[in-house]
Amino acid sequence: MSIIIDESTKVVIQGTGSQGTAHGKRNQDYGTKIVAGTHPKKGGTTWEGLDVPIFATVKEAKDEVGANTSMVMVPAPFTKAAILEAYEAGIETIVAITEGVPVHDMTEVYNTLYTRQDDGSYDMSSGPILIGPNCPGLISPGKANVGIIPPQITKPGKVGLVSRSGTLTYQIMHELNLAGIGISTCVGIGGDPIIGSNFMDIIPKFAEDPDTEAIVFVGEIGGTEEQKVGRWIADNIPDTPCVAYVAGFSAPPGKQMGHAGAIVKEGSEGGETAADKKAALEEMGISVGINPSETAQLMIQRLNG
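Quick note: the sequence shown uses the UniProt record's numbering, first residue 1, plus one each step.
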């Protein structure tokens, strides 16, 4: 098995420009069921290179060819509208690859897709699965690839991988692959301050998947999500091999490092630095690498141990 996407996934790509075409074709060649594209001015035509219909709306793609997953490949100013259109059409999983989506736009997306609870958090089960924005997407090797993850660096296996960083994920997948270790599903959740699914939305899905026997998660400085999911792992699946990597060991407070969400706030009371997170996770029994290579080696040791 896998989580979120598999052989039954039917993808509509919102955005038929050069990036949507290039990544859509690669994913189609990998075996992903790309069933349609959407463009408001190209409805009724055929997508050259992918040989699938282009519809004017996502609703048409869902009704006509059964699309259940959207891959959003439109420019940042139009991403909010694309996500909301997919939601209104009843799409189950929305994968927003686009970088640079305004925080205000994502706030509107959250308020539309999900129910806000009394404590200010959102009930993510009340709406579709949203991955991203500013993410590489997700891949279930041998089954489906929705996004921009290079499929040649991994293969089917038993390790679930979830990450806030794209390129660091690629390195860990590649090194696991060199050791003969494959992936059940890899999910790149993105590194923006406001994203859809986070660690706490993804890792419990791995825990329920009978074919995922181990978990790697890749975090970053800023916030305390890594500690929250570490506590959940310690309390709920303590016998599952889990390792982590936290990017940003040399990051100074107040300086953004790469992603908009990767920043230790000035005057932070603690818990947001890579060293803080490493110490907290190790207290919970989760091994933490100081770089992606060591992280992969730690997982190899856990699996062979």
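Heads up, the beta-carbon is just placed ideally off N, CA and C, and yes, glycines get one too. Here the structure is a predicted model, which means the values were calculated and not measured.
Under the three-state reduction of DSSP output, residue 164 falls in the coil class, being neither helix nor strand. The residue among 64, 17, 56 and 63 with its C-alpha nearest the C-alpha of residue 48 is 17. Taking residue 103 as the centre and dropping the five residues before and after it, the same chain places the C-beta of 193 and 194 closer than 7 Å to its C-beta, in chain order. With distances taken between CA atoms, residue 100 lies nearest to 133 out of 119, 110 and 133.
Counting the other CB atoms within 10 Å of its CB gives residue 239 a total below 16, which places it among the exposed residues.
DSSP places residue 281 in the helix class (H, G or I) of the three-state scheme.
Inter-segment contact for the region 157 to 173 and the region 53 to 73 is absent: fewer than three beta-carbon pairs are separated by less than 8 Å.
Taking each of 196, 8, 236 and 221 in turn and checking the Cα distance to residue 204, the smallest one comes out for 236.
Taking 8 Å as the cut-off, the beta carbon of residue 274 is found no closer than this to the beta carbon of residue 243.
In terms of Cβ geometry, residue 213 and residue 155 do not form a close pair [threshold 8 Å]. Considering only 29, 226, 45 and 177, the residue with the shortest C-alpha distance to residue 284 is 226.
Between the C-alpha atoms of residue 13 and residue 150 there is a straight-line separation of about 18 Å. In the three-state reduction of the DSSP assignment, residue 155 falls in the coil class, being assigned neither a helical nor a strand state. By the criterion of at least three beta-carbon pairs nearer than 8 Å, the region 126 to 144 is in contact with the region 31 to 41.
The beta carbon of residue 37 sits closer than 6 Å to those of 13, 16, 47 and 54, all from its chain and outside the five residues before and after it, given in chain order. Remark: C-beta atoms of residue 140 and residue 2 approach each other more closely than 8 Å. DSSP, read as helix, strand or coil, puts residue 237 in coil. Less than 8 Å divides the Cβ of residue 126 from the Cβ of residue 115. Your pair residue 95 and residue 69 checks out as a contact, with CB atoms roughly 7 Å apart and the cut at 8 Å. Nearest to residue 163 by C-alpha distance, out of 89, 272, 220 and 64, is 220. By the C-beta density criterion, residue 89 is buried, having at least 16 other C-beta atoms within 10 angstroms. Partner residues in the beta bridge of residue 70, as assigned by DSSP, are 12 and 94. The C-alpha of residue 84 is placed about 28 Å away from the C-alpha of residue 222.
Here residue 188 is near residue 136, since their CB atoms are less than 8 Å apart. Contact between residue 91 and residue 40 does not hold, since the beta-carbon distance rounds to 17 Å and is not under 8 Å.
Here DSSP, grouped into helix, strand and coil, assigns residue 76 to helix.
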